[in-house]
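Numbering-wise (the working numbering), the sequence shown opens with residue 7 and increments by one.
Structure, as structure tokens:
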Amino acid sequence: MGSDPRVATCRGRLQTRRCQLNQEINKELRLRAGAENLFKATTNRKLRETVALELSFVNSNLQLLKEQLAELNSSVELYQNDSKECVMPMIPLGLKETKEVDFREPFKDFILEHYSEDAALYEDPISDFMDMRQAIRTPVRSTAGVALLFKYYNQLYYIERRFFPPDRSLGVYFEWFDSLTGVPSCQRTVAFEKACVLFNIAGIYTQIGARQERNTCAGLDGAVDALLRAAGTLRYIHENFTNAPSVDLAAHTLLVLGTLMTAQARECLFEKLQLQAREACRGRDRELRDDTDMCLDLAQESAQLAHTYNQLYEKMQTEGVFNYVPYSWVSLVHVKTEFYRALAHQYAATGLLHTTSVIHARERLAAMYGPPDCNHNGSISPTFKYDEDLDHMALGRAHLAEALALYEEALRLQRMCRELRGKEALSLVVGAHRERASRDKAQLADEPDFADLLDVPNILPSSKFQLALTPPDFAQHRVEDLFKTLGPIAVFSAKRHWSAPRLVQLQRDGERRRERRSDRPKRKPSDKRDRSEDNSTYYEKYDYEVTKQNGVYINYESPKEYKRDLRRAASEYDMNEEEGFGFTVRGGAPVVIAAVEPNSLADMAGMREGDFIISIGDTDVKWSSHEAVVALIQRAGRTLTLRLATPMDSGSNKSSPETSRQSSTPGSVSAASTSSGSTGATARSSARRMPSWNPFRRHSARDHAPAQTNVIFR
Numbered sequence: 007m008g009s010d011p012r013v014a015t016c017r018g019r020l021q022t023r024r025c026q027l028n029q030e031i032n033k034e035l036r037l038r039a040g041a042e043n044l045f046k047a048t049t050n051r052k053l054r055e056t057v058a059l060e061l062s063f064v065n066s067n068l069q070l071l072k073e074q075l076a077e078l079n080s081s082v083e084l085y086q087n088d089s090k091e092c093v094m095p096m097i098p099l100g101l102k103e104t105k106e107v108d109f110r111e112p113f114k115d116f117i118l119e120h121y122s123e124d125a126a127l128y129e130d131p132i133s134d135f136m137d138m139r140q141a142i143r144t145p146v147r148s149t150a151g152v153a154l155l156f157k158y159y160n161q162l163y164y165i166e167r168r169f170f171p172p173d174r175s176l177g178v179y180f181e182w183f184d185s186l187t188g189v190p191s192c193q194r195t196v197a198f199e200k201a202c203v204l205f206n207i208a209g210i211y212t213q214i215g216a217r218q219e220r221n222t223c224a225g226l227d228g229a230v231d232a233l234l235r236a237a238g239t240l241r242y243i244h245e246n247f248t249n250a251p252s253v254d255l256a257a258h259t260l261l262v263l264g265t266l267m268t269a270q271a272r273e274c275l276f277e278k279l280q281l282q283a284r285e286a287c288r289g290r291d292r293e294l295r296d297d298t299d300m301c302l303d304l305a306q307e308s309a310q311l312a313h314t315y316n317q318l319y320e321k322m323q324t325e326g327v328f329n330y331v332p333y334s335w336v337s338l339v340h341v342k343t344e345f346y347r348a349l350a351h352q353y354a355a356t357g358l359l360h361t362t363s364v365i366h367a368r369e370r371l372a373a374m375y376g377p378p379d380c381n382h383n384g385s386i387s388p389t390f391k392y393d394e395d396l397d398h399m400a401l402g403r404a405h406l407a408e409a410l411a412l413y414e415e416a417l418r419l420q421r422m423c424r425e426l427r428g429k430e431a432l433s434l435v436v437g438a439h440r441e442r443a444s445r446d447k448a449q450l451a452d453e454p455d456f457a458d459l460l461d462v463p464n465i466l467p468s469s470k471f472q473l474a475l476t477p478p479d480f481a482q483h484r485v486e487d488l489f490k491t492l493g494p495i496a497v498f499s500a501k502r503h504w505s506a507p508r509l510v511q512l513q514r515d516g517e518r519r520r521e522r523r524s525d526r527p528k529r530k531p532s533d534k535r536d537r538s539e540d541n542s543t544y545y546e547k548y549d550y551e552v553t554k555q556n557g558v559y560i561n562y563e564s565p566k567e568y569k570r571d572l573r574r575a576a577s578e579y580d581m582n583e584e585e586g587f588g589f590t591v592r593g594g595a596p597v598v599i600a601a602v603e604p605n606s607l608a609d610m611a612g613m614r615e616g617d618f619i620i621s622i623g624d625t626d627v628k629w630s631s632h633e634a635v636v637a638l639i640q641r642a643g644r645t646l647t648l649r650l651a652t653p654m655d656s657g658s659n660k661s662s663p664e665t666s667r668q669s670s671t672p673g674s675v676s677a678a679s680t681s682s683g684s685t686g687a688t689a690r691s692s693a694r695r696m697p698s699w700n701p702f703r704r705h706s707a708r709d710h711a712p713a714q715t716n717v718i719f720r
């Protein structure tokens, strides 16, 4: 599903080199940690000097490796479009690298321990998940790669809830390398894995935006959409993930990177405005410089873009960001700030120098100039008060002179940065605009130049467009739970606990019981009182009610209450063909035991209210509806085989069926077992049939019978 590493594209080779540098940085960091520990532990002076020398070498190697990584991050031209037309380069994000993780043994152990399932049945889902993670290490730099990362992210939702309990560690560690510094970070939480995947989604979006054909409106629209999606994803990481272990996921870094992508999206919008303005003027058989309103609108849009880049440059100068963001990025942002400020002055000069309506130009200038003492680069500008009698030609020449000065400043900043010196596209774009401004100034050579006598006013930043960040759309790439057969995730998850599934077999036996009753020999009448015959007349002399239960005479102070209980007990014990198994169910996926009749077959078998029905016979019913489970029970006939699990969460009052009701305590995750809990159930049913307060109870060998498993209750 991922890209083929054998396809040696420019970006692929760049990412491969980034991976090698990350490994070398990791090795040097381990060497430095060991040397520092040795330096602290030893007291030998000569050994300390040797270790200090080795530390200096390691630090030097680390610095060189980080500089090489910064150069890779500065290789923005490899991510640009292959068009011959030179455009201002964009800054894309490199992808985070990660190591391979083996989930096979931890997942198998957890399935066997927590879910009490056969781990061999889940070989294919585990392999599919590992293949998916291996593929996201080398995603395709396109929408297909974004879709792959989104699918893996959505699958992590199920994996986290299935296999990562909140109270203990599974033993799985996720290790990712920092995109900016190459320093590795390792955590056990799935949240760290999710944040890194989202960062790579944003990185691919930035690379898609940089690869667009920016000399067409469709390409510019695609670039704006991709960059806004990248900014929205970075903001989502900032709002939903905290305490990041790596620098590129820190809050201040995410804010700076999100602002960078928003500024580049506005830059693409400005280029689209320029393209549309040229096409509109070409359709009217006129040049752009002849349209004063359009030139002044572009001047304010350019001033707004310069203001945005200037704010970004100030954020990059903060202490928590400047040491980690590549210096070439900071320099390029500074160059763009000066370039678009120069472009604003050039558009203003073009509109003033070629205007045909002085009165209309004065109205636009009054709205275009900002208030006095307002300079967006932080310095204080001289007070400029617009005068209606001011010569607009002189003002235009002043703007043109300021534009030439700012173009020279942008080229100087480029030469000051070692990584930007070789960026040919940047030099060509800035140089082309400077040459155009120089030609415009040369055409005014025969006129008096008052640029040195007039202070250049500030252009008020203004834009007609409001950018809205696009958050990640997880619903667009839905996935199916690979481990769906474990059961509904709302119940069968890593944070929920239940007992090991137990086998319960119920069998109705009304015919056989009536046959045994009919074959029983009749007793001869006798005057002798015993516990097996009706001697109610013997107790007629007492004032209270005397009745017989199971051949034993019991006195009750409330005869009506006893008769009602006796009729109920008789209906429970003397089961006939039309009676059920003694339990009711409710809900669906999974179906739960709603109630269990006292002293019924279900009660004697250990079934209790709240138990989950795992399977009926050989049919798994964890995902079955209520109607389907009822139909299976009705088709079972006289014999019903169930697999049940009892919830054991702290919020549940249910106890394990293997323990008595009097001494039940909440349990924890139990080992896989299919043994029946019939021993405790038999003891409880015996206690109910023979109450402890009965003075005439007879003990039999059946009361002391050894425990059995998988007993069929008849």
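Quick reminder that beta carbons are idealized off the backbone N, C-alpha and C, glycines included.
Check                                                                                                                    : Outcome
Under 8 Å between C-beta atoms of L338 and E277                                                                          : no
Same chain, Cβ closer than 6 Å to E181, five either side skipped, listed in chain order                                  : K105, P190, C192
Burial state of Y242 (16 or more Cβ within 10 Å)                                                                         : buried
Limits of the beta strand (DSSP E) - the one that F589 falls within                                                      : 589-592
Nearest to H503 (by Cα), restricted to the options E129, S621, P171, K46                                                 : P171
Where the alpha helix (DSSP H) through C192 begins and ends                                                              : Not the alpha helix (DSSP H): C192 falls in the beta strand (DSSP E), residues 190-193.
C-alpha distance - K102 paired with T22, whole-angstrom precision                                                        : 11 Å
Cα-Cα separation between C25 and F198, rounded to whole angstroms                                                        : 19 Å
Local Cβ density within 10 Å of Y346, reported as buried at 16 or more and exposed below that                            : buried
Check whether A443 and C92 have beta carbons under 8 Å apart                                                             : no
Residue span of the alpha helix (DSSP H) that contains E181, given as start and end                                      : That residue, E181, is in no alpha helix (DSSP H); its beta strand (DSSP E) goes 180-183.
In DSSP terms, what S621 is bridged to                                                                                   : D626, R649
Inter-residue spacing [alpha-carbon to alpha-carbon] between M267 and M138                                               : 29 Å
Beta-carbon spacing of L759, Q270 below 8 Å                                                                              : Because the chain in this structure spans residues 7 to 720, residue 759 falls outside the shown range and cannot be described.
Distance CB(A350)-CB(A309) smaller than 8 Å                                                                              : yes
Neighbourhood of F498 by C-beta distance below 6 Å, restricted to the same chain and skipping five residues each side    : L492
Inter-stretch contact at 8 Å, needing at least 3 Cβ pairs: the segment 480-491 / the segment 158-165                     : yes
Under 8 Å between C-beta atoms of M613 and I599                                                                          : yes
Own chain residues within Cβ distance below 6 Å of A355, not counting five before or after                               : G402, H405, L406
Cut-off 7 Å between Cβ atoms - residues of its own chain near Y158, not counting five sequence neighbours on either side : M138, R139, I142, V203
Contact set for T265: own chain, Cβ-Cβ below 7 Å, skip 5 residues either direction                                       : L318, K321
Beta-carbon proximity check, S175 vs L99, cutoff 8 Å                                                                     : no
Close Cβ partners of G357 (< 6 Å) along its chain, the five nearest in sequence each way excluded                        : T298, C301, L302
Cβ-based neighbour list, A373, same chain, cut-off 6 Å, excluding 5 preceding and 5 following                            : none
Per-residue burial, C274 [other beta carbons within 10 Å of its own, 16 or more giving buried]                           : buried
Closest by C-alpha distance to G177, when choosing among V196, F183, G188, E55                                           : V196
Cβ-Cβ distance between L646 and D617 below 8 Å                                                                           : no
Alpha carbon of A236 to alpha carbon of F45, nearest angstrom                                                            : 45 Å
Secondary structure of Y159, DSSP reduced to three states                                                                : helix
Spatially closest choice to Q513 from Q482, G588, V341, by CA coordinates                                                : G588
Cα-Cα separation between R168 and V253, rounded to whole angstroms                                                       : 30 Å
Cβ pair R619, V591 closer than 8 Å                                                                                       : The amino acid occupying residue 619 in the given sequence is Ile; Arg does not appear at that position. Against a cut-off of 8 Å, the Cβ pair of V591 and I619 comes out as a contact.
Between the CA atoms of Y211 and Q306 - distance to the nearest angstrom                                                 : 29 Å
Alpha-carbon spacing of V510 relative to L648, whole angstroms                                                           : 5 Å
Buried versus exposed, by CB contacts within 10 Å (16 or more), N28                                                      : buried
7 Å Cβ shell around E111 - same chain, five flanking residues per side excluded                                          : none
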